[in-house]
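Take this note's numbering: the final residue in the sequence shown is number 270, and no numbers are missing along the way.
Note that beta-carbon positions come from the ideal geometry of N, C-alpha and C, so glycine has one too.
This report refers to the structure that appears directly beneath it.
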Amino acid sequence: MKIRTGIILWWLLAVPAFSFSQVVHYDVIVAGHTIGGVKVYHFQNDVKKQRIEAEFKVPFYSGTFFSENNFSDGALRNSVTEHHVNGKRKQQTVTTFVANKNYKVDFSGEERASRHLTQHIATTITNLYYQEPVDLETVYSERYGKLCALRKVGESRYAISLPNGKQSIYSYTSGDCQEVQTELSGVKVRIVKRDVRLAAR
Numbered sequence: 070m071k072i073r074t075g076i077i078l079w080w081l082l083a084v085p086a087f088s089f090s091q092v093v094h095y096d097v098i099v100a101g102h103t104i105g106g107v108k109v110y111h112f113q114n115d116v117k118k119q120r121i122e123a124e125f126k127v128p129f130y131s132g133t134f135f136s137e138n139n140f141s142d143g144a145l146r147n148s149v150t151e152h153h154v155n156g157k158r159k160q161q162t163v164t165t166f167v168a169n170k171n172y173k174v175d176f177s178g179e180e181r182a183s184r185h186l187t188q189h190i191a192t193t194i195t196n197l198y199y200q201e202p203v204d205l206e207t208v209y210s211e212r213y214g215k216l217c218a219l220r221k222v223g224e225s226r227y228a229i230s231l232p233n234g235k236q237s238i239y240s241y242t243s244g245d246c247q248e249v250q251t252e253l254s255g256v257k258v259r260i261v262k263r264d265v266r267l268a269a270r
């Protein structure tokens, strides 16, 4: 099992091996000040691959985060999220498709046992950066390994109730994610789309 997990992580983390056409940039804003950024990668390959990377820095506290998913036949095949604080890994969650709507969720860096899920997973929180969740009622949190309730709260605006009791709101224009309102260590944060830049292949 450790060998299998290691192979999955190597494949997921090997970003340079995949060709991507563009990176969409977002600014992480707190109280009007930009403290970091989020990159959303758009890949060119046969497998539906999605990846976001985030970094932020405030006095005495810095963090990085990434989440990467791979889909096929309309279902999640595997995902990994990882969170570092002040240069040290705080959390890692790996979700792996086993067979016919069955998934195994492994947690690292936390005192949490592995979890088995029996459900169809077609949309994740990472996926919300790529497309508007029209007519969806739930979305899978790769970080927590659970389904989260999703509801429409306005014109092209959707609220997600997270397992930690907090809420994030995603806003869209013409199907593109423009802004995310969330919390970071108890502080209100806005993640605002900046521009689209062609990335070097």
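For this session: Return yes when the Cβ of residue 239 is within less than 9 Å of the Cβ of residue 259, no when it is not.
Result: no
Exercise. For residue 198, which three-state DSSP category applies?
Worked result: helix
Exercise. So, is residue 129 buried or exposed, given that buried needs 16 or more other C-beta atoms within 10 angstroms?
Worked result: exposed
Problem set entry | Residue from 120, 230, 173 whose Cα sits closest to the Cα of residue 250 | 230
Problem set entry | Coil, strand or helix - residue 81 by DSSP | Interpretation of residue 81 is limited by its pLDDT of 47, a score under 50 that renders its predicted location unreliable; the figure taken from the coordinates is listed afterwards. Three-state result, residue 81: helix.
Exercise. What are the boundary residues of the beta strand (DSSP E) that residue 188 is part of?
Worked result: Premise fails: residue 188 is in no beta strand (DSSP E) and is neither H nor E.
Problem set entry | DSSP bridge partner residues for residue 218 (one or two, in chain order) | 207, 230
Exercise. Thinking C-beta only, is residue 121 closer than 9 Å to residue 135?
Worked result: yes
Exercise. DSSP three-state call for residue 168: helix, strand or coil?
Worked result: strand
For this session: Please determine, among 166, 212, 207, the residue with the shortest C-alpha to C-alpha distance to residue 181.
Result: 212
Exercise. Under a Cβ-count criterion, where at least 16 other Cβ atoms within 10 Å of its own Cβ denotes burial, should residue 147 be classed as buried or exposed?
Worked result: buried
For this session: May I have a chain-ordered list of the beta strand (DSSP E) segments no shorter than 3 residues that lie completely inside the region 94–145?
Result: 102–113, 117–127, 130–141
Problem set entry | DSSP three-state assignment for residue 255, whether helix, strand or coil | coil
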